[in-house]
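Novice:
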Amino acid sequence: MPEEQPKSVDELMSIRDVEPIDLPDGDVGEGLQFKTNRGDFAAILHRAPDADQAVIWVCGARGGFGGPGPGTYARMAEKFTGEGITSLRLDYRYANDVFECALDLLAGVAYL
């Protein structure tokens, strides 16, 4: 029986569309909904004009947008935007599933 060949990243996770969404109350940035072949996930973009650098902020096993302390990633993202660096704060589809979280992260990288 032949071994199954590893799939490409595009076969594992592909972005079908990115749509604007409302932000959580009190948050700043641009709300986005990523539509993928594996399900949808939300993100918040902090766009720096003419940026050629970017950072992706992801939380731990629980997911979410906040970071290690309330509002930490939002504050850092806004600070980076002021320095010409775009930020994408990403909320996993399936927090605490390392494989699926890694695919969400790769989709964020592809978007940026």
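In my numbering, the protein residues as written are 832 to 943.
Ideal placement from N, C-alpha and C gives every residue a C-beta, glycine not left out.
Are there 16 or more other CB atoms within 10 angstroms of the CB of Arg-906, so buried, or fewer, so exposed?
Specialist: Under this definition Arg-906 is an exposed residue.
Novice: What first and last residue would you give for the alpha helix (DSSP H) that runs through Leu-934?
Specialist: 929 to 942 is the extent of the alpha helix (DSSP H) around Leu-934.
Novice: With DSSP as the reference, identify every bridge partner of Ser-918, one or two as the case may be.
Specialist: In DSSP, Ser-918 forms a bridge with His-877 and Val-886.
Novice: At which residues does the alpha helix (DSSP H) containing Arg-906 begin and terminate?
Specialist: Start and end: 903 to 913.
Novice: Would a C-beta distance cut-off of 9 Å place Pro-851 and Phe-896 closer than the cut-off?
Specialist: Against a cut-off of 9 Å, the Cβ pair of Phe-896 and Pro-851 comes out as no contact.
Novice: Specify, as a first and last residue, the run of the beta strand (DSSP E) that Gly-862 falls within.
Specialist: Its beta strand (DSSP E) spans residues 861 to 867.
Novice: How about Val-889 and Ala-908: are their beta carbons less than 9 Å apart?
Specialist: No.
Novice: List the DSSP bridge partners of Ile-852.
Specialist: Ile-852 is not bridged to any residue.
Novice: Is it the case that the Cβ atoms of Ile-875 and Gly-862 are separated by a distance below 9 Å?
Specialist: In this structure, Gly-862 lies closer than 9 Å to Ile-875 by Cβ.
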